[in-house]
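Novice: I'd like to ask some things about the structure below.
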Amino acid sequence: MRRFGRRELLGGAALAGAAVLGCGQKKDPYRIDKPAVPRVPGWHSGEERWVLSTCALCDAGCGIKVRVVEGRAVKIEGNPEHPVNRGGLCSRGQAALQSLYHPERVGSPLRRMGSRGEGQWKPISWDEAIGEVVAKLAKLRASGHPERLVLIDGESGTFSRDLWARFLLAFGSPNHIGLGSTRAAGVRLANLYTQGRYGLPAYDLARGRVLLAMGTDLLESSGQAMYFWRAASTRRPRVLCVSPRRPGCRFDEWIPIAPGGYGALALSLAHVLVRDSLIDRDFVRDHVFGFSAWQDPLAGEQRGLEETVRVDYGPDKTKEVTDIPVAMVERLAHMLARQGSAVAVSDGSATAASNGLATAMAISALNALLGNLKRAGGVRLPVDVGVADWDTPTADVVAAAGNAAPRIDGAGTAACPLGRGRVQAVPGAITSAKPYPVEALFLHSTDPLAGLPGRQAWIAALHQVPLVVSFSPWLDDSARLADLVLPDRLPLEAWEVVRVASGAGEPVLGLRQPVVAPLHDTRQAGDVIVALAGGLGGSIARSVPWKCYQDAVTVRLQGWLSSLEDDDAPADVQSLLSEMKEAGGWWRESADAEAGPSELPTPSGKFEIGSQVIAARMAKAPDTAKESQGWPCKGLPPWELPRFSGDPLQFPLHLVPYRPAQFVENGGRFLSWLSELPLVSGDPWPLRAEINPADAARFGLADGDQVLVESPIGSCRAVAQLSDGVGVGVVAMALGKAGVVDLVVLDEDRWSGALAWQGTRVRVRKVS
Amino acid sequence: MKRGPLDDDVRDSRRKLLAGLAASAAGALAGCTRAMAAQSTAPVAATSGSRRRWGLVIDLDRCARCGGCVVACQQENNVAPAGSDAAARMRPIHWMDFLPAAPGSSSATPIPCMHCEDPPCVKVCPVGATYKTEEGITAQIWERCIGCRYCMVACPYARRYFNWSEPRWPGDVSSLNPDVAPRPRGVVEKCTLCHHRIRAALERARVDEEPLTDETLRRLPACAQSCPTLAITFGDLADPESEVARLAASPRAVRLLPEAGTRPKVIYLRETK
Amino acid sequence: MSHPRGRIVLLVAVVASFAGMAGARRSPAGDTRQPLPMSHKRHITKDMKCRACHQGVEGEAMASFPTLADCMDCHKTPQGKEPAEPEVRAFVARGQDLTWVRLNRLAGHVYFSHAAHVTLASMKCEECHRDMKAVDQAPTEPDIHAQMSDCVACHRSKHASLDCLACHK
C-alpha cells in the first residue's frame, strides 16, 4: 500500500518525493520528500565528555564546563561547584563557543604585504614570524633603547600577563600598559588609597539590606554582576540605582542624576549623615582616618571630611550639579543609615569622568561613615591568592637603563600623579615621539582602534611605529594596521591560570585547559614569549628559561604550592594540576571573612577617607601643587565639577555611553549571539539613541526616526528611541556597537588618568 | 540596506505585536488585581492519561535580565543566527526571547513558549505538525511542517518563528548540539522545553534505577540551567510537592494574557515592590 | 523472531537517497580502514560479551568503542598466536591513540539510545546488529539499514512509545 506523505498532499512540492518513490526502492510509509535536516556535514552525535575550565570573556573568572562531542565543543555551561558563579553563566560566557569556531579567525601568522592597512597579507611560518620579531627586538637592545618597545595588554590576572611583565623587565622596557584607565580605574584606585589594596572591592551583598548602586555597569555588565545576582537570588538587598539612565537589569528604585554628579551626591549624603548624627561614631573613631582635621608631616594642616562636607556639600548646594532634590538626598541618607548593612558601590560608569577618582573616594567614604567595612552585609577587601612571581628575573645593564626610562603614557609622573597608567595617552606619545620614539608596538588581547576613543589618533600612531605586532585571533581593526599578526589561541584551546577573587572576596585560581585541539596554526602568547626570549638569548633567555608556557605555569604553581601552609594541599604539583583540571581551578571556602576591620595595609592601618599616601605624593609634586591651590585637603583629591567637551549651545545633550549586559570588551561584535540578543531595547540590530520624550519634543524627533548623533569630533547614525528610562538632557547609547565610541571626546581625570567616557556633549537631529 | 515596503510592514507588524504584548504583559506583571490572583492559583488540571505537566516558573523578582537564558537556548537548540539584515527586519529567531520594556514598566521580560494547556496553535495546524505531548509540551515536528504559518497567527504570544531562509552558521558547524536537529528553510520552529534534555534525564533515571527527583528537574532546560539567579524553575506542575507547583501557588504568580483562555504552563512571579 | 531476516531492525539509519544527510556513511569499498585488524570472532567468547569492549551500551545512548587502555587490560601480555596481535602494543609504544571509525551513524533528526534498548527493553545486540561472531575482521561497512517503519513496527509490537518526540529531535 502506498501512502502519500503529508507534503505531497498539502505542500504542493511533491515532485521530488514521487520521483524517488517510483524508482522501485523499498517503500517507507514515513518518508518525506526532502532532507529533514539541512546540510550540516560533520554534525552527528558521538562519544562525549565535559571539560572544566575558566571563562575568559571578562575579568570575573567564572567557572565553566564545556561539552565536547567527538572532539567538538558544543555547549558551555556554568560550573555549579565554582565559587564565583555557582553554575550560572551569562550570555557572554556562553558566546565563547562562537568565537572558537568563528570563520574570521586568522589561520596562521601573517605578514603585511603592500602598504599599511592595504589588507594584503602573506601567511608565514611561526619560525619566520618569531625570527622577524626577534631581529627587531635585538636591534632595539643593541641600540641601547629597549624602552622603545611598548606592549598594550588587555588581560588582567592571567599568568600570561605576569610572564609578559617578566619578559619586559628582563628586556628593559617599562611600557607594559594595561587597560585599567578605560575600565573602573577610579574604583580600583580609591580602594588603594582608602584601604591599601588596588583592585575592585568585594561586597557581601547577599547579606546587605540596601545597595546604593552609583552607575549601572556594576549590576548590568561588570564581572561582578553575575556573582551579585547569584548571591542575591536567595535574599536580595533593596537595589537603589543612581544613574542618568535607567538600568537594564533588575532594580527597586531608579534615581536619575545629572552626568558627572555622583561624587557631589555622595558628599551631600555624607553631609546629611554627619548633620543628622547618622554615622557609626564608634567605627569612625576607631577605624577611620581623615574624618577630622589632621596634621600631615609633608602637606601640613589638613581639613577632615567632616568639615569639608559640612561647609561645602549641603544637599541644597549640590542640587545644582546632581539635579537631585534635597528631600531625596535626605531620604536616601536616612534609608542607608536606618537599614543597617547598607552599601554604597560605584563602578566604571560612575567614575569614568574628569572627576573620577574623587567621585570613587567620596562614594567609598560613605561606607566608612556607615561602618560597613568587613562586617556582614558590608564591603570587604578582596583576598589575593598570594601566588608569588617566579624567582626574580635578571635585568642586565641595557635592561636596567631601559627600565629606568619614563613610561610613555606618563604613569607615575606629574601627568598622572595618582594613577597607574593611561593607555589613552599612548597614541599622542607615539606621534609626538615624546618622551622618546616608539619602535615596536605589541597589541595583546586588545583592539584599541575599535574599543577606545580617539580612533584617528590611534590610526596615525600605528602608521608611525616601524613594527606593529598584533596577537589578535581575528583581523580586527587594529590588527589590520599591523605588520605582523601572530594569532593567539582562544581560551578553549589553551593553558592558562588566572588569579581572580569571587565577588565575596575569596581567592580563586582559575584553570584553563585545552578543551579542543587547536583549530588553526596558532600559538598561545605565552609560548611566543618563551620563543622570543629564547631567540634573544642572554639574560632574557635566562629569565624565561622554560621549554613552553605550560612548563612556566607548572613551575610557578610548584613554587606556590611549596609556600602553602595548608594540610589539605596536594602532595605535589602534578596532583595539584590534576585536581585543578578536575575542578576547573583551585579555591578554598573563605576562612574568616569578617575578621574585623582592624588592620588595613594603609599608613594609619585604618580606612583612610583622607589618604596620607595622596597627601604625601601631592606635597612632593610641585607642578600639581601649584594647580591645586585652594584645595583644602591634599589627602582628598578635590571633587571638582565634571568637565564636558562641547559647547552647551551647540551640543545641548549629554552622551551617556553604557555597557549593556552583552558587552564584551574585545571582539564581542564578532559574535552574533550577543549582537542579536534582544535585550537592549528589544530590537536587536540597529544602533539606538535613547532619548527622553521631553527632549524629543524639543528637537522634533519621533520614536523610530533615523537620526544623526553628532559630537564635537564625530557623528554616527542611529534610530531614535523615545524612553522615559533616560533623564532629560541625556542621550544613552550602548557601547559595543560600531560608532558610539567614535563620538567620545578624549578626556581624562587629571589625577588618576581615568578615561572620561561620560564627558561628551552631543546633538541629535533627524535625517532621512 | 535596501528594504521594500513589504519588509517594513512585516517588521512593523511584528514590532507592534511585541509592543502590544509587552504593554499587556506589563499590566499583568505589575497589577495585582483579584482576577489575576484567582487565575494564578487555579491548579493545572491533569488531563486523563497523562502523568506529568511540565512547566516553567519565571521569577521576575530574581531575573537580572542578563540574557544568559537566550544564548543558552540558542546554543542548546541550534538556532541559527539571523544575520544583520534579517535581524533588522525583526526576523531573528529566539525561542527564549525578551519582551521590550513597556512604557512605565521597569525592564524587559524573558518569554519562552507558554506551553499552553489549550494551545491555539495546535488547533490550526492543517498537517498535525504541532501537537501536545502526553506530558504537556507543545511540540513541533519540523519534518511535517509545511510552513503555512497559521500557527504563528494563532499564537497570542508570538512565540513561533519561521525560517525565512536556509539556516547558516558562521564558519564551522562543529559546534552544533547533536541532540537537536536543525530546521530547514520554510519550517516553523519553537521552544520545546528542551524535551531532549527531559528525555535524557528520564532515561538516565530509569537506567540507573534512581527516582527522578524534583531537584534534578529544576534546572533541566538549558535556560534554567544557565540562569545565574535561579530565576527559572522547571518541573512537574501536576506534582504538588514540586518546586514549580509550590511557586505557581504564590500570590505573586500570574500568567500572561489570561483572557485568551490558553492556560499557559509558563508562570511568572511578579516583581515585589 | 518473526522478522523476515530473523532480526528486528531498530535504528533509523538512512536510506541512500537521503544524500548529504548526516546518516550512515557508506564509504566506497576499501575506503574505510580501522586502525587494527581486530577480529570480533576471536574476541566473543563465553566470558567476553559485546559489553566488555563496548562499555557504553548498557548505560549510555552511545555504545562506546574500547580505548587503548581498555585493550591493554588484556593485551599487556601477549594473547594467542595471531600475527597481528602484537600490533596493539605497538600503539602504546608509539604513544598513538586508537581511533576506531564509527560506521553506523544516525540520521540527523533521530535520537537513539542503546541504554534504553539494551538495559530498559532487555534487547539483544543481535536483534539489530548482525551476528558479530561470524565476523573475522574489523568491520568496514555499516551493518544497519533500517527505516522508520522498522522502528515503528517494533515499537508497536512491544507497546513502546510512539510519540514523535520519543525518537525525533
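Protein chains in written order, with the numbering used here: chain A, 57 to 824; chain B, -9 to 263; chain C, 49 to 217. For every residue, glycine included, the Cβ atom is placed at its ideal position computed from N, Cα and C. As the structure is a computational prediction, the values presented were derived from the model and not from experiment.
1) Find the nearest neighbour of residue 191 of chain B within the set C:185, C:163, C:191 and C:158, judged by alpha-carbon distance.
2) Cβ of residue 242 of chain B less than 7 Å from any chain A Cβ?
3) Once the 5 residues before and after residue 169 of chain A are set aside, which same chain residues still bring their CB inside 8 Å of it?
4) Indicate whether residue 254 of chain B and residue 245 of chain B have their beta-carbon atoms separated by less than 7 Å.
5) Within 10 angstroms of its Cβ, does residue 290 of chain A collect 16 or more other Cβ (buried), or is it exposed?
6) Counting contacts by CB-CB distance shorter than 7 Å, is residue 157 of chain C in contact with chain B?
7) Assign residue 424 of chain A to one of three DSSP states: helix, strand, or coil.
8) First and last residue of the alpha helix (DSSP H) that includes residue 122 of chain B?
9) Going straight from the alpha carbon of residue 757 of chain A to that of residue 528 of chain A, what length do you get?
10) Taking contact to mean 3 or more Cβ pairs, one atom from each stretch, closer than 8 Å, check whether the segment 265 to 276 of chain A and the segment 393 to 409 of chain A are in contact.
11) Express the C-alpha separation of residue 783 of chain A and residue 754 of chain A in angstroms, rounding to a whole number.
12) Using a C-beta to C-beta distance shorter than 8 Å, which residues of chain C count as neighbours of residue 129 of chain B?
13) Residues of the segment 99 to 116 of chain C in Cβ contact with chain A at a cutoff of 9 Å, in chain order, please.
14) Would the beta-carbon of residue 710 of chain A fall within 7 Å of that of residue 312 of chain A?
15) Can you name the residues of chain A whose CB is closer than 7 Å to the CB of residue 153 of chain C?
16) Note the first and the last residue of the continuous alpha helix (DSSP H) segment covering residue 132 of chain B.
17) Check this for me: beta carbons of residue 749 of chain A and residue 561 of chain A, under 7 Å apart or not?
18) In chain order, what residues of the same chain have a beta carbon less than 6 Å from the beta carbon of residue 628 of chain A, not counting five sequence neighbours either side?
19) Quick one: which unbroken alpha helix (DSSP H) runs of 4-plus residues sit fully inside the segment 87 to 116 of chain B? Chain order, please.
20) Run through chain C and tell me which residues come within less than 7 Å of residue 123 of chain B, C-beta to C-beta.
21) Kindly say whether residue 157 of chain A, judged by its beta-carbon, lies nearer than 7 Å to any beta-carbon of chain B.
22) What distance in whole Å lies between the Cβ atoms of residue 435 of chain A and residue 563 of chain A, which are believed to be in contact at a cut-off of 8 Å?
23) Assuming the contact rule is C-beta atoms closer than 8 Å, residue 110 of chain B and residue 252 of chain B should be a hit. Round their C-beta distance to whole Å, please.
24) Would you kindly work out how many angstroms separate the C-alpha atoms of residue 389 of chain A and residue 300 of chain A, rounded to a whole number?
25) Return helix, strand or coil for residue 528 of chain A, following the three-state DSSP convention.
26) Would you give the residue range spanned by the beta strand (DSSP E) that residue 179 of chain A belongs to?
27) At the 7 Å Cβ level, is residue 193 of chain B part of the contact set with chain C, yes or no?
28) Can you list the residues of chain B that residue 153 of chain A reaches, using a CB-CB cut of under 8 Å?
29) In or out: residue 667 of chain A buried (at least 16 other Cβ within 10 Å) or exposed?
30) When you compare the CB positions of residue 151 of chain B and residue 179 of chain B, do they come within less than 7 Å of one another, or not?
31) Please list the segments of the alpha helix (DSSP H) lying wholly inside the segment 98 to 124 of chain C, counting only runs of 4 or more residues, in order along the chain.
32) Using the DSSP secondary-structure output, state which residues sit across from residue 765 of chain A in a beta bridge.
33) Under 9 Å between beta-carbons, which chain A residues line up against residue 84 of chain B? List them in chain order, please.
34) Assuming contact is defined by CB atoms lying nearer than 7 Å, are residue 266 of chain A and residue 400 of chain A in contact in what I supplied?
35) Strictly under 7 Å for the Cβ-Cβ distance: is residue 171 of chain B near chain C by that measure?
36) Excluding the five sequence neighbours on either side, which residues of its own chain have a C-beta within less than 6 Å of the C-beta of residue 151 of chain A, listed in chain order?
Specialist: Taking the definition as stated:
1) For residue 191 of chain B, the nearest C-alpha among the options comes from C:163.
2) So, not an interface residue.
3) Counting only residues of its own chain and dropping the five nearest sequence neighbours on each side, residue 169 of chain A has a CB closer than 8 Å to the CB of 176, 177 and 178.
4) With a cutoff of 7 Å on beta-carbon distance, residue 254 of chain B and residue 245 of chain B are scored as near each other.
5) The residue in question, residue 290 of chain A, is exposed, as its Cβ has fewer than 16 Cβ neighbours within 10 Å.
6) Interface criterion met: the Cβ of residue 157 of chain C is under 7 Å from a Cβ in chain B.
7) Helix at residue 424 of chain A.
8) No alpha helix (DSSP H) contains residue 122 of chain B, which is instead part of the beta strand (DSSP E) from 120 to 122.
9) Between residue 757 of chain A and residue 528 of chain A, the C-alpha separation is close to 41 Å.
10) Flag = yes, the segment 265 to 276 of chain A and the segment 393 to 409 of chain A touch.
11) Taking the straight line joining both Cα atoms gives about 14 Å.
12) Against chain C, a Cβ distance below 8 Å from residue 129 of chain B picks out 212 and 213.
13) Flagged, chain order: 104, 108, 109, 110, 112 and 113.
14) Taking 7 Å as the Cβ cut-off, residue 710 of chain A and residue 312 of chain A do not qualify as a contacting pair.
15) Listed by position along chain A, the residues whose Cβ is nearer than 7 Å to that of residue 153 of chain C are 100.
16) Under the DSSP assignment, residue 132 of chain B falls outside any alpha helix (DSSP H); it carries neither an H nor an E label.
17) No; because the gap between Cβ atoms is not below 7 Å, this pair is not in contact.
18) Take residue 628 of chain A, set aside five residues on each side of it, and no residue of its chain has a beta-carbon closer than 6 Å to its own.
19) Within the segment 87 to 116 of chain B, the complete alpha helix (DSSP H) runs of at least 4 residues fall at 110 to 114.
20) Residues of chain C passing the Cβ test: 211 and 213.
21) Taking Cβ atoms only, chain B reaches closer than 7 Å to residue 157 of chain A, which makes this a yes.
22) In this structure residue 563 of chain A is not in contact with residue 435 of chain A, their Cβ atoms being roughly 17 Å apart against a cut-off of 8 Å.
23) Indeed, because the Cβ distance is near 6 Å, the residues count as touching under 8 Å.
24) When rounded, the distance between both Cα atoms is 19 Å.
25) If DSSP states are grouped into helix, strand and coil, residue 528 of chain A belongs with coil.
26) The continuous beta strand (DSSP E) containing residue 179 of chain A extends over residues 176 to 179.
27) With respect to chain C, the C-beta atom of residue 193 of chain B has a partner C-beta closer than 7 Å.
28) Neighbours of residue 153 of chain A on chain B, chain order: 65 and 165.
29) Residue 667 of chain A is buried by the Cβ-count criterion.
30) Cβ atoms of residue 151 of chain B and residue 179 of chain B: closer than 7 Å.
31) Counting whole runs of 4 or more residues, the segment 98 to 124 of chain C contains the alpha helix (DSSP H) stretches 98 to 101 and 116 to 123.
32) DSSP links residue 765 of chain A through a beta bridge to A:772 and A:820.
33) Chain A residues near residue 84 of chain B: 732, 733, 734 and 740.
34) No. Outside cutoff.
35) Taking Cβ atoms only, chain C reaches closer than 7 Å to residue 171 of chain B, which makes this a yes.
36) Result list for residue 151 of chain A: 727, 729 and 730, in chain order.
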